[in-house]
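Going by the numbering used here, the first residue of the sequence shown is number 20, and it counts up by one from there. Notes for the one structure printed next.
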Amino acid sequence: MSLVLIPGYMADASLWDDMAEALAPAGPIHHASLAHDDTIPEMARRLLAEAPPRFVLVGFSMGGYVARDATRLAPERVRGLVLVATSSRSDSRQQAVAKRLAIEGVEAGEFGGLSRAAAAASVHPDRAGDAALIERIRAMGRRLGREAFLRQSRLQRVGDEGRLGAITCPALVIAAGRDRLRSVAESEELRDGIRGATMAVVAEAGHMLPIEAPDALAALILAWLRDLPP
């Protein structure tokens, strides 16, 4: 089977590097890009245009919003859906204010990737001082660049709680127990809203699950894929 991996906000395909070897036996891996479009639906349509005929979607964080939109747009093409450290909620007022301030800062000056504070907030609290980890996260943003930052920061993440029931393919929801950006409760809402969905929690990891706990995340995905209907 083909896997389509969707990164999150200001993340690129290297987000999945530490999982590539483990996931390879599952089938061909395709990487979606979120760097070129202004809305979640546009990102989903690009994904579908570039993806193989049938596939399993793995969406991380903002990529989970894109994955769900793609699943609703082309349900006949999606064998299964894996949602990692994501949510069905709209951006909160606090999130909207933070993004607006970040946009204003970049418009007024240079772009050097996500701030160290933003990157540190995305990992397990005990790893917030891990310089190599923080630099890896910031480097993804620098590679994507200023325009992608402005584009992704301006887009509206509209909640889809009322549309989760339209997803009928098998679904796995994975949460991080020490995620400071997306709560376990938000993953539970996804599990409860998608008929038949199952859920797992990686207890000692922060939001950046594919980088912080790649082996645990890959093991959960592979175990679930083994039971996926043809």
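Where a beta carbon is used, it is the ideal one built from N, C-alpha and C, also for glycine.
Under DSSP, the beta-bridge partners assigned to Phe79 are Val103.
Contact check for Met81 and Gly27: beta-carbon distance about 5 angstroms, within the 8 angstroms limit, so the pair qualifies. The count of Cβ pairs closer than 8 angstroms, one atom from the region 92-100 and one from the region 219-228, stays below three, leaving the stretches out of contact. In the DSSP assignment, the residues bridged to His49 are Val23.
Shown here, Ala219 sits in a strand according to DSSP, grouped into three states. Rounded to the nearest angstrom, the gap between the Cα atoms of Ser106 and Gly212 is 11 angstroms.
Counting the other CB atoms within 10 Å of its CB gives Leu239 a total of 16 or more, which places it among the buried residues. Short of 8 angstroms from the beta carbon of Pro47, and not among the five residues preceding or following it, lie these beta carbons of its own chain, in chain order: Ser21, Leu22, Pro71.
Shortest Cα-Cα distance from Ala232 to any of Arg170, Arg146, Arg157 involves Arg146. DSSP, read as helix, strand or coil, puts Arg176 in coil. Closest option to Val142, judged by alpha-carbon separation, among His55, Arg197, Trp35: Arg197.
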